[in-house]
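S.K.: Protein chains in written order, with the numbering used here: chain A, -2 to 546; chain B, -2 to 546.
Every residue, glycine too, gets a C-beta built ideally from N, C-alpha and C.
Please read all numbers here as calculations on a predicted model, not as lab measurements.
Can you read through this structure? Questions will come right after.
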């Protein structure tokens, strides 16, 4: 089982250091520190374990270190920055592991860009040796790339010529769409084993500047100070400690403080119940700061993030995630309003951004999402996003016979209107009602009000509203049917339907690049007995089928 | 060998009829008319042959029938509109054939939308019986969908539940992005074998209106008349006849009036030489009309379109297309200026739009494109697009030793500035210089001027400018290297690098959907011995791997 929870004391592969407003994340991968036996992590090559530590570090830099305004990513090794994903690891991994690994590394790189764009914690990448493949892709996530001018260090994306696969972590997209490298330059660059160094790397905008070895450390400091000086992050705030989350695992349950999950292995689904706060959450910055990880929205985001990663990685036979909520809607609304009313506070901002990233992680997970809205639920505001993120939702019209629990309602809050956009940069409501802004406006007028099943259906918020007589059958059939389809076809279908509207670098990465990658990762040219991924490092030449399809 | 050239006298599957400004294309697929033996085209199901006829018909409707302002697509069969792509055909086809087939059907559907958007020749789809899968996708390309209200006829996209593949012709994208069907409705719809009929089909915007059988013909006529009345197409113009193009095929050459192509099978490439007009092309609408298919831009578009389709379909081991041009730049410029100066003429407009569609077909072809700019060439205006469409270009700096042919130049014309956008709706120059409009403006200032190698490189128009000493080696190595890579990886890489910038329904279809499809078409759930595509119609149940990756 792969565990995503770690902390700096346990890091094997990264060294983190602090100097005023600047932190340095130095990559120093332990060759013998791979997640599973069978490969050596030479030349700062990485596996999922290395990236789990990087993800942990980026989260801590945001929550524990408000004073950090610029992060330098560099290598602690001599003459090598990072050789990218470990090829032996890729060559011996299952298709599912490769795809999941790439998805997680992509999310972490996007998180770095989110940090820069929304938290003003900038990233500076000091490429102090060769950066190949995923190594250069890590640099591409930064705001500024400095390349050592030592006559030999290059940046490269040699996946196509060397391995017959694509750069797996957004490299192609970021080269043309983020750095606006001209497509013919990009084409040449991406077919060049040895990569590009020196002046051409700057001229083609593959890196931002070129620095001689003797000046690298000083110039990096200088540049970091410049970024830090321009940042709006507070200098005097105190971070909160991300102490480990509480999680209990049994054969078929995963229990957190804010979430209970029950896995039905024969039914291929998991029931995920989100619990509302048990009391009214803290309402001002000082109280939120004091509560720290106990502040419900943060506690929920951390639990939810871990659950998604756990299910996605360790339970890939569980094809459908069925969401429910339980508890007091007023407390959820109070939590949302606390986030909205204190939006200028650095910590509150971080919590909201983390919630946003976690819902995005849900959107891009290749699992069917069904949301059930029953009496006793609290699909309010941020939790209503679980209805909007669902491929399909069912809301009970009325109450269950013999029960005295009041009929369910949906209750919009300000959190549904742009604070937590999807990867396409639209809110889930805007995506749902593409080109029908009037429907979004009508729902906005209902902020803080309870919408019953008929009203919710009328406003387009839920898919079906069966009554007590039909509920059980309709829901059961939906879940059973989902479990009867081809997982691959569902993945492609959901990826195509979930992100209507405009595209962004993120949707290109998850929608387009992942798809090409899925395909190419299956092809004999890459993974066949004579494929490049299999033969890499053996000295044998891969034997390619050259045909174009 | 598959031939894309046909004409109405040879149609087996479509009946075309005319009534004033309205044409009717009635699908009446001949069961025994499949392109290859082994399957029966029952229930108006189709193979590539059916779509080649549809493509031919749509082209003739534009060029031969300026008076046609609305086209009705319907079925000549009773109770069935179209059952989509023939499953037995898909089940027995190679991966390459399936992918190529889908690409061509997509291009034809996009062409229908282009006709509506840019030629004001509207499409009305009269779904007079069940429309399943590709049948409904054909309807989705139309401006208006009328569904018969007979208590049984449905529209459906049953590919996921029934066949474990995705709708292959833009269905998922058009449902959510064109018709703005809500994503949860789309999810339900796309997992429903039996499809949706009646009021729900209208409520969910899957179709535009519902018409009882008794009123269907009359209402369709009425609607067609409304569309026709609103169209700006001329009532009094005379069409031109699309007489067959002249093509000579040998084992290694394909020769047209305007193009010579030489296939190098051991080198896995084709050299494609475009010949400039031999004299100054016609300059006014009357002369262009009189010249008809002999007008050079139209002759070139038709030859080029056929060549791309031929190479793509029949020569999939030829991985690299190497473009050259030969002839008088002044005549190319005159051709371009004739198109630009007479842009309001219906025929000139059609020719320009056809050129645009043909270059788009080039962009989405999964072949590497290398363009060589040598002395004697005429990369002017519309032919300069071959430089901009290239993955990489080489321009000789100076002349070849011992030759007295003057050094090559590029010469921009108005055709390079927005008249022939790519699928992303930007010109190739805008895509090349994303966010650097000033570079496009600088090139625009050079319209009609000759740019030598240094100027062309300086303005970012070409990739490399070797001199006579290096030319042969550099070009040879580029072509040889290309032939040494994995075809699949190149396909994914090129698809990712060619379309930077904004996305459209078309880029989503070719960039994203094609990729998912490529993957899913390879998976055992679809094409394995127990896969749904293989077992369809046998009565046996497919055995799916449910795992999500």
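Are the stretch 505 to 521 of chain B and the stretch 179 to 197 of chain A in contact at 8 Å, needing three or more beta carbon pairs?
M.R.: In short, these stretches do not touch, since the Cβ pair count stays below three.
S.K.: Hey, quick one: how far does the beta strand (DSSP E) through residue 206 of chain B stretch, first residue to last?
M.R.: Counting along the chain, the beta strand (DSSP E) containing residue 206 of chain B begins and ends at 206 to 209.
S.K.: Name, please, each residue of chain B whose Cβ falls closer than 7 Å to the Cβ of residue 162 of chain A.
M.R.: 486, listed in chain order.
S.K.: Along chain B, which residues have their Cβ under 8 Å away from the Cβ of residue 541 of chain A?
M.R.: 481, 482, 483, 484, listed in chain order.
S.K.: In the DSSP assignment, find the unbroken beta strand (DSSP E) run with residue 364 of chain A in it and report its ends.
M.R.: Careful: residue 364 of chain A lies outside any beta strand (DSSP E) and carries neither H nor E.
S.K.: In chain order, what residues of the same chain lie with their CB nearer than 6 Å to the CB of residue 353 of chain B, ignoring the 5 residues before and after it?
M.R.: Correct list, in chain order: 417.
S.K.: Helix, strand or coil for residue 342 of chain A per DSSP?
M.R.: Correct three-state label for residue 342 of chain A: coil.
S.K.: Can you give the Cα-Cα distance for residue 109 of chain A and residue 139 of chain A, rounded to whole angstroms?
M.R.: Near 7 Å, if we compare the C-alpha coordinates of residue 139 of chain A and residue 109 of chain A.
S.K.: Under a Cβ-count criterion, where at least 16 other Cβ atoms within 10 Å of its own Cβ denotes burial, should residue 303 of chain A be classed as buried or exposed?
M.R.: Burial call: buried.
S.K.: Are three or more beta carbon pairs between the stretch 313 to 323 of chain B and the stretch 260 to 276 of chain B nearer than 8 Å?
M.R.: Counting Cβ pairs under 8 Å, three or more are found: they touch.
S.K.: Can you check whether the CB of residue 44 of chain A is closer than 9 Å to the CB of residue 3 of chain A?
M.R.: No.
S.K.: Residue ranges of each beta strand (DSSP E) run of no fewer than 3 residues wholly in the stretch 304 to 352 of chain A, ordered along the chain?
M.R.: Those beta strand (DSSP E) runs which fall completely within the stretch 304 to 352 of chain A and span 3+ residues are 317 to 323.
S.K.: What does residue 363 of chain A touch in chain B if you count any residue whose Cβ is under 7 Å from its own?
M.R.: Neighbours of residue 363 of chain A on chain B, chain order: 545, 546.
S.K.: According to the neighbour-count rule (16 or more other Cβ atoms, all chains shown, within 10 Å of its Cβ), is residue 547 of chain A buried or exposed?
M.R.: Residue coverage of chain A in this structure runs from -2 to 546, which leaves residue 547 of chain A outside it and unanswerable.
S.K.: Could you give the first and the last residue of the continuous alpha helix (DSSP H) run that contains residue 122 of chain A?
M.R.: Element bounds for residue 122 of chain A: not the alpha helix (DSSP H) but the beta strand (DSSP E), 119 to 124.
S.K.: Find the nearest neighbour of residue 272 of chain B within the set B:26, B:240, B:167, B:383, judged by alpha-carbon distance.
M.R.: Of the candidates B:26, B:240, B:167, B:383, the one whose C-alpha sits nearest the C-alpha of residue 272 of chain B is B:383.
S.K.: Taking the C-alpha atoms as reference points, what is the distance between residue 388 of chain B and residue 173 of chain A?
M.R.: Computed Cα separation, rounded: 13 Å.
S.K.: What ranges does the alpha helix (DSSP H) occupy inside the stretch 426 to 457 of chain B, keeping only unbroken runs of at least 4 residues that lie completely in it?
M.R.: 434 to 441, 450 to 455, all fully within the stretch 426 to 457 of chain B.
S.K.: State the start and end residues of the unbroken alpha helix (DSSP H) segment that holds residue 90 of chain B.
M.R.: Looking at the DSSP string, residue 90 of chain B is not in any alpha helix (DSSP H), and its letter there is neither H nor E.
S.K.: Quick one: which chain B residues come within Cβ less than 8 Å of residue 424 of chain A?
M.R.: Here the premise fails: no neighbours, minimum Cβ distance about 13 Å.
S.K.: Alpha carbon to alpha carbon, how far is residue 493 of chain B from residue 534 of chain A?
M.R.: So the alpha carbons of these two residues sit roughly 27 Å apart.
S.K.: Measure the CB-CB distance between residue 165 of chain A and residue 95 of chain A and report whether it falls below 9 Å.
M.R.: In contact: residue 165 of chain A and residue 95 of chain A (Cβ atoms closer than 9 Å).
S.K.: Looking at the C-beta of residue 400 of chain A, does it have a partner C-beta in chain B at a distance below 9 Å?
M.R.: No, no contact with chain B.
S.K.: Of all the residues that make up the stretch 381 to 401 of chain A, which are near chain B by a beta-carbon distance shorter than 7 Å?
M.R.: Per Cβ criterion, the list reads 387, 388, 389, 390.
S.K.: Pull the bridge partners of residue 461 of chain B from the DSSP assignment, please.
M.R.: Looking at the DSSP assignment, residue 461 of chain B forms a beta bridge with B:391.
S.K.: Would a check of beta-carbon distances place residue 205 of chain B closer than 9 Å to chain A?
M.R.: Closer than 9 Å: no.
S.K.: Spell out the partners DSSP gives residue 11 of chain B in its beta bridges.
M.R.: Answer is B:24, bridged to residue 11 of chain B.
S.K.: So with CB distances below 9 Å, who are the chain A contacts of residue 174 of chain B?
M.R.: By Cβ distance, chain A contributes 431, 497, 498.
S.K.: What span of residues does the beta strand (DSSP E) with residue 511 of chain A cover, start to end?
M.R.: Careful: residue 511 of chain A lies outside any beta strand (DSSP E), inside the alpha helix (DSSP H) at 511 to 517.
S.K.: Under the three-state reduction of DSSP, which class applies to residue 497 of chain A: helix, strand or coil?
M.R.: Of the three classes helix, strand and coil, the one that applies to residue 497 of chain A here is coil, per DSSP.
S.K.: Would you say residue 324 of chain B and residue 546 of chain A are within 9 Å of each other, going by their C-beta atoms?
M.R.: Contact: no.
S.K.: Taking C-beta to C-beta, are residue 24 of chain A and residue 78 of chain A nearer than 9 Å?
M.R.: Yes, the Cβ-Cβ distance between residue 24 of chain A and residue 78 of chain A is below 9 Å.
S.K.: Can you say whether residue 435 of chain A is buried or exposed, counting buried as having 16 or more other CB atoms within 10 angstroms of its CB?
M.R.: Classification for residue 435 of chain A: exposed.
S.K.: Are the Cβ atoms of residue 61 of chain B and residue 231 of chain B separated by less than 9 Å?
M.R.: Contact: no.
S.K.: At least one CB of chain A closer than 9 Å to the CB of residue 180 of chain B: is that the case?
M.R.: So yes, residue 180 of chain B belongs to the interface.
S.K.: Leaving out five residues on either side along the sequence, give the residues of the same chain with a beta carbon under 8 Å from the beta carbon of residue 169 of chain A.
M.R.: Only 154, 163, 183, 187, 510 meet the Cβ criterion.
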